[in-house]
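254 is the number of the first residue of the sequence shown in the numbering used here; add one for each residue after it. Since the structure comes first, as structure tokens, the remarks are kept for the end.
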Amino acid sequence: MTSFKHIAILALIAIGAFANDAVNDDPILEREAKGLKAQGLYQQQVIINPQDDPACSGTVCNYSKIQDIVFDEVKSVKLELGQIKESVSELVELLKKTPVTPPTSPKDCSEAFTNGATASGVYTVQPEDDGSPFEVYCDMETDGGGWTVFQRRQDGSVDFYLGWESYRQGFGNLDGEFWLGNDNLHRLTAQGDYRLRVDLEDFENNTRYAVYNSFRVANASTNYQLTVGNYSGTAGDSLLYHNNQAFSTRDRDNDSSSGNCATGYAGSWWYNACFRSNLNANYLRGQTSVYGKGVVWRSWRGYYYSLKHSEMKIKA
């Protein structure tokens, strides 16, 4: 296809002596003209030179011939543009009919780690069920990486004394304090065998951890019953006492006590009668005179100390 630039050069050439002088005086035009000569396009000059056509009279003939050439080229360009437009339309229709396969999300953080993810942060996971994907915080550094975090307390910025529905759905900020949600916790642990790790820190910056080699949360029909076993670590065991217990909140009392442990100790947990750990209770700061109402892990700091930091996470 002859470009508009070529058309312009042809027009200059066609005008005659003035055009030839203009081409020769401009190295760029001269180079383009030579290129057109090589393609045979320069012969247009012969056709439209009035000296070679007795029927033409000077400049008028030249302009008329130039106009014809330009019109022909414009028609050619329009034709090619129409063909391109038709091809693009066909391509668009083809793309509409092509099924788009979304990228597959990992089922949990351990699978994300196995797939090559190494940075701790927020990831989208898709458990092996027919539910929707959701976001989790992945700890890719602690104890080999690949941990899916479902609880974090660190500064008291989020109120954890909430009702059943809040704990079912989850709340808070994945980059800060949060509870992932009992529904999500069930979906994750229903996929297979999981370990639980609990990381703890006090206000004197001492740290401890507890690992349980089996951990599962059942579905809503059981009130998210906890199954946990096989402790190891440095914090001492304060969770096996809660094995096989249902989850309780201030508005849903499922504990083994005659009273309501959730309202009595301002928390939400797998209470027995009542607890040896209470990591979702009021965020108090260190040593207190109030029995059991802080962030408690009895086997480490006892009932009168509210911990600075807790993080609960699972790994397949």
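From the three backbone atoms N, C-alpha and C, an ideal C-beta is built for every residue, glycine too. The structure presented is a predicted model; accordingly, all values stated were derived computationally and were not measured.
DSSP three-state label for residue i, please.
i: S530; result: strand
i: F431; result: strand
i: N483; result: strand
i: A515; result: helix
i: S559; result: strand
i: Q478; result: coil
i: G335; result: helix
i: G520; result: coil
i: W553; result: helix
i: K328; result: helix
i: V375; result: strand
i: S501; result: strand
i: R360; result: Just to set this straight, residue 360 is Lys in the shown sequence, not Arg. In the structure shown, K360 sits in coil (DSSP, three-state: anything other than H, G, I, E or B).
i: F424; result: strand
i: K568; result: strand
i: V411; result: coil
i: D490; result: coil
i: N437; result: helix
Under 8 Å, do residue i and residue j count as touching if we go by C-beta distance?
i: S530; j: S491; result: yes
i: V402; j: D392; result: yes
i: S521; j: L347; result: no
i: E454; j: L560; result: yes
i: S563; j: R406; result: yes
i: A499; j: N476; result: yes
i: N535; j: A519; result: yes
i: Q404; j: W432; result: yes
i: N483; j: Y465; result: yes
Distance, Cα to Cα, residue i vs residue j?
i: E339; j: R448; result: 59 Å
i: G397; j: Q336; result: 59 Å
i: T487; j: A463; result: 6 Å
i: G545; j: G384; result: 37 Å
i: F366; j: S511; result: 45 Å
i: P359; j: Y376; result: 9 Å
i: K349; j: T357; result: 21 Å
i: W417; j: D506; result: 10 Å
i: A275; j: F324; result: Caution is warranted here: a pLDDT of 44 is assigned to A275, below 50, making its placement in the model unreliable, and the coordinate value is therefore given only provisionally. Looking at the two C-alpha atoms, the distance is approximately 23 Å.
i: V549; j: Y558; result: 7 Å
i: S501; j: G369; result: 38 Å
i: E343; j: E326; result: 26 Å
i: I300; j: V341; result: Note that I300 has pLDDT 45, beneath the 50 cutoff, so the model's placement of it is unreliable and the number below is only indicative. Roughly 38 Å separates the two Cα atoms.
i: N442; j: V481; result: The sequence shown places Thr at residue 442, not Asn. For T442 and V481, the distance between alpha carbons rounds to 11 Å.
i: L438; j: Q540; result: 31 Å
i: V345; j: D408; result: 53 Å
i: K566; j: A473; result: 20 Å
i: L334; j: P386; result: 45 Å
i: T395; j: C514; result: 33 Å
With a threshold of 8 Å between beta-carbons, can residue i be considered close to chain B, or not?
i: V470; result: The displayed structure is made up of one protein chain only, and chain B is not part of it.
Excluding the five sequence neighbours on either side, which residues of its own chain have a C-beta within less than 7 Å of the C-beta of residue i, listed in chain order?
i: A372; result: M393
i: R551; result: S491, R529 and S530
i: W553; result: L453, R461, A488 and G489
i: T516; result: R503
i: E381; result: K360 and Q444
i: S410; result: G429 and E430
i: F456; result: R538, G539 and K561
Grab me the residues of residue i's own chain with a C-beta within less than 6 Å of its C-beta, minus the 5 sequence neighbours each way, in chain order.
i: D436; result: R421
i: G434; result: Q422 and G423
i: D428; result: none
i: K568; result: S363, G399, W400 and R448
At which residues does the beta strand (DSSP E) containing residue i begin and terminate?
i: F403; result: W400 to R406
i: S467; result: T460 to V470
i: R450; result: R448 to E454
i: F387; result: F387 to D392
Can you tell me where the alpha helix (DSSP H) holding residue i begins and where it ends?
i: T371; result: T371 -> no alpha helix (DSSP H), and no H or E assigned at all.
i: R538; result: Counting along the chain, R538 falls outside any alpha helix (DSSP H), and DSSP gives it neither H nor E.
Take residue i and list the residues in its own chain whose beta-carbon comes closer than 8 Å to its own, dropping the five residues that flank it on each side.
i: S509; result: Q498, Y524, N525 and A526
i: R440; result: P380, D382 and G384
i: E388; result: V375, Y376, T377, V378 and L427
i: D446; result: S467 and A569
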